[in-house]
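Below is one structure, written out as structure tokens; the observations come after it.
Protein chains: 2
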Amino acid sequence: MPQTDTETRLTEAIELLFFGYRDFISDPDAILSAYEFGRAHHRVVHFVGRNPGITVAELLDILRITKQSLARVLRQLIERGFVEQKTGEKDRRQRRLYLTREGADLLHRLVAPQRERVRKALSAAGAGSEDAWRTVMFALLNEENRAEVEHLITKDSK
Amino acid sequence: MPQTDTETRLTEAIELLFFGYRDFISDPDAILSAYEFGRAHHRVVHFVGRNPGITVAELLDILRITKQSLARVLRQLIERGFVEQKTGEKDRRQRRLYLTREGADLLHRLVAPQRERVRKALSAAGAGSEDAWRTVMFALLNEENRAEVEHLITKDSK
DNA sequence: CTATTTATGTCAGCCATGTTGACATATTTT
DNA sequence: AAAATATGTCAACATGGCTGACATAAATAG
Numbered sequence: 001m002p003q004t005d006t007e008t009r010l011t012e013a014i015e016l017l018f019f020g021y022r023d024f025i026s027d028p029d030a031i032l033s034a035y036e037f038g039r040a041h042h043r044v045v046h047f048v049g050r051n052p053g054i055t056v057a058e059l060l061d062i063l064r065i066t067k068q069s070l071a072r073v074l075r076q077l078i079e080r081g082f083v084e085q086k087t088g089e090k091d092r093r094q095r096r097l098y099l100t101r102e103g104a105d106l107l108h109r110l111v112a113p114q115r116e117r118v119r120k121a122l123s124a125a126g127a128g129s130e131d132a133w134r135t136v137m138f139a140l141l142n143e144e145n146r147a148e149v150e151h152l153i154t155k156d157s158k
Numbered sequence: 159m160p161q162t163d164t165e166t167r168l169t170e171a172i173e174l175l176f177f178g179y180r181d182f183i184s185d186p187d188a189i190l191s192a193y194e195f196g197r198a199h200h201r202v203v204h205f206v207g208r209n210p211g212i213t214v215a216e217l218l219d220i221l222r223i224t225k226q227s228l229a230r231v232l233r234q235l236i237e238r239g240f241v242e243q244k245t246g247e248k249d250r251r252q253r254r255l256y257l258t259r260e261g262a263d264l265l266h267r268l269v270a271p272q273r274e275r276v277r278k279a280l281s282a283a284g285a286g287s288e289d290a291w292r293t294v295m296f297a298l299l300n301e302e303n304r305a306e307v308e309h310l311i312t313k314d315s316k
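Chains A and B, in that order, give the protein sequences. Residue numbers for the first sequence follow the working numbering, so the first one is 1 and each next one is one higher. Residue numbers for the second sequence follow the working numbering, so the first one is 159 and each next one is one higher.
Take a look at the structure:
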């Protein structure tokens with residue numbers, strides 16, 4: 001099947017994304033197995049840590065899974081003392097989620113190697129590369145998700 | 159929990175990778191469901207298409223799954239006529255894998271929107287960005303995988 | 001104030017896709 | 001002839017998605 005140069009270049013980029021993401025996930029995976037947690041737990045711990053007091057509904061919106069799926073991992077994280085719930089002050093139907101001290105420790109163990117990997121990759125590519133990389137990654141998003149993601153990721157870099 | 163500016167920046171990059179990959183996968187997912195295939199089938203079709211005549215062992219090495227996991231999706235792809243096997247000429251133990259005409263059509267349907275997404279993202283970021291983006295993505299790989307991935311993705315861009 | 005809507009939880013069961021372990025067959029290599 | 005290799009297959013199990021149905025408490029609307 002003949003391909004143009006452009007198609008070949010784009011296919012290579014697609015595969016870079018596949019393999020890059022695969023390895024990007026590999027450090028946390030190894031750490032999680034020691035806790036008998038999986039990726040689903042990682043995602044919850046990550047986004048609760050990044051958004052202390054997040055509600056269940058908001059978390060579901062980020063993760064794009066059903067509440068039944070979330071309930072399973074969330075229950076385990078709560079039972080084992082990594083996440084705690086507090087009834088919302090304004091709206092007492094809400095269960096706001098926070099990491100416990102243990103949860104924050106776990107998150108730190110998970111995020112440290114990821115940060116280190118990204119730090120090395122960005123610096124290996126040279127000073128000017130970070131903005132370009134970020135711009136491309138952001139442009140990969142579905143248009144309807146850009147505003148939300150922009151808001152989520154820049155939460156505390158004001 | 160106080161974070162340095164650098165940590166915040168790196169955390170944002172981590173999340174960009176998470177959300178970017180999520181959306182990057184969304185087009186194929188939608189197409190696959192019409193065939194009652196999943197991501198596992200996509201990966202097989204992709205890498206068989208990119209590496210015609212690949213052996214089962216080589217494919218397992220790329221996908222990093224067990225042969226039992228592969229067997230399930232591979233059997234379905236063969237039964238439904240998207241992939242075919244040919245006994246290796248030199249080594250008759252090998253089962254070399256190829257896409258059928260139907261398989262190549264499916265692959266094209268899957269890869270077209272991904273290419274388009276990547277093309278738009280790269281061009282939105284401006285002319286010089288592609289090299290920077292690729293360099294960063296490549297540097298995200300585990301060191302021991304770089305040579306193999308380099309070889310895999312540049313297969314036909316000589 | 002009552003009725004409805006909302007936020008959350010929970011039970012039950014199904015599906016896709018990963019895993020381990022054991023064993024079988026054909027073929028190649030030693 | 002024996003051992004190693006490439007592949008296939010059976011069985012059982014785990015994780016983490018899903019749907020559907022129903023329950024409760026709290027907020028909101030009429």
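A virtual CB, placed ideally from N, CA and C, is assigned to each residue, including glycine. Treat the numbers as computed from the prediction; the structure is a model and nothing was measured.
C-alpha gap between residue i and residue j, whole angstroms
i         : j         : result
Arg180(B) : Arg253(B) : 33 angstroms
Leu70(A)  : Leu122(A) : 33 angstroms
Arg134(A) : Glu148(A) : 16 angstroms
Arg304(B) : Ile25(A)  : 16 angstroms
Phe296(B) : Leu99(A)  : 33 angstroms
Leu221(B) : Gln85(A)  : 39 angstroms
Glu237(B) : Thr245(B) : 17 angstroms
Leu255(B) : His204(B) : 12 angstroms
Lys67(A)  : Leu77(A)  : 15 angstroms
Ala215(B) : Gln3(A)   : 27 angstroms
Arg167(B) : Arg115(A) : 9 angstroms
Asp131(A) : Leu17(A)  : 17 angstroms
Asn51(A)  : Glu89(A)  : 17 angstroms
Asn142(A) : Asn300(B) : 28 angstroms
Ala105(B) : Glu144(A) : The question about residue 105(B) has no answer, for chain B in this structure spans 159 to 316.
Ala285(B) : Leu265(B) : 28 angstroms
Test item: CB-CB of residue i and residue j under 7 angstroms
i         : j         : result
Val118(A) : Ala171(B) : yes
Val241(B) : Gly261(B) : yes
Leu140(A) : Gly178(B) : yes
Ser129(A) : Val231(B) : no
Residue range of the beta strand (DSSP E) that includes residue i
i         : result
Thr245(B) : Val241 to Thr245
Arg253(B) : Arg253 to Leu257
Below-7 angstroms beta-carbon distance, residue i vs any chain B residue
i         : result
Ile54(A)  : no
Ser129(A) : yes
Val48(A)  : no
Ile14(A)  : yes
Thr135(A) : yes
Val118(A) : yes
Ala30(A)  : no
Ile78(A)  : no
Leu10(A)  : yes
Sequence-distant residues of the same chain with beta carbon closer than 6 angstroms to residue i, five excluded per side
i         : result
Leu152(A) : none
Lys316(B) : Below a pLDDT of 50, predicted positions are generally treated as unreliable, and Lys316(B), at 42, falls in that range; no measurement from the model is reported.
Glu7(A)   : none
Gly239(B) : Thr258 and Glu260
Thr312(B) : none
Residue interval of the alpha helix (DSSP H) (run including residue i)
i         : result
Ala197(B) : Note that residue 197(B) is Arg in the sequence shown, not Ala. Element bounds for Arg197(B): Arg197 to Arg208.
Thr11(A)  : Asp5 to Phe24
Ile65(A)  : Taken as a continuous stretch (DSSP letters only), Ile65(A) belongs to no alpha helix (DSSP H), as it is neither H nor E.
Ala147(A) : Glu143 to Ile153
Glu288(B) : Ser287 to Ala297
Close Cβ partners of residue i (< 8 angstroms) along its chain, the five nearest in sequence each way excluded
i         : result
Leu190(B) : Gly196, Arg197, His199, His200 and Leu268
Ala283(B) : Trp291
Lys278(B) : none
Thr11(A)  : Gln3
Glu308(B) : Phe296
7 angstroms Cβ cutoff, residue i in contact with chain A
i         : result
Tyr179(B) : yes
Asn209(B) : no
Lys316(B) : Residue confidence is low: Lys316(B) scores 42 on pLDDT, short of 50, so the model does not pin down where it sits. Its coordinate-derived value is still stated next. Output row for Lys316(B): interface = no.
Val231(B) : no
Ile317(B) : Summary: the structure shown does not reach residue 317(B), with chain B confined to residues 159 through 316, and so no result is reported for it.
Leu218(B) : no
Sequence-distant residues of the same chain with beta carbon closer than 7 angstroms to residue i, five excluded per side
i         : result
Glu15(A)  : none
Pro113(A) : Asp27
Closer than 6 angstroms: residue i CB and nearest the ligand ATP heavy atom
i         : result
Gly103(A) : The ligand ATP is absent from the structure shown, which contains no ligands of any kind.
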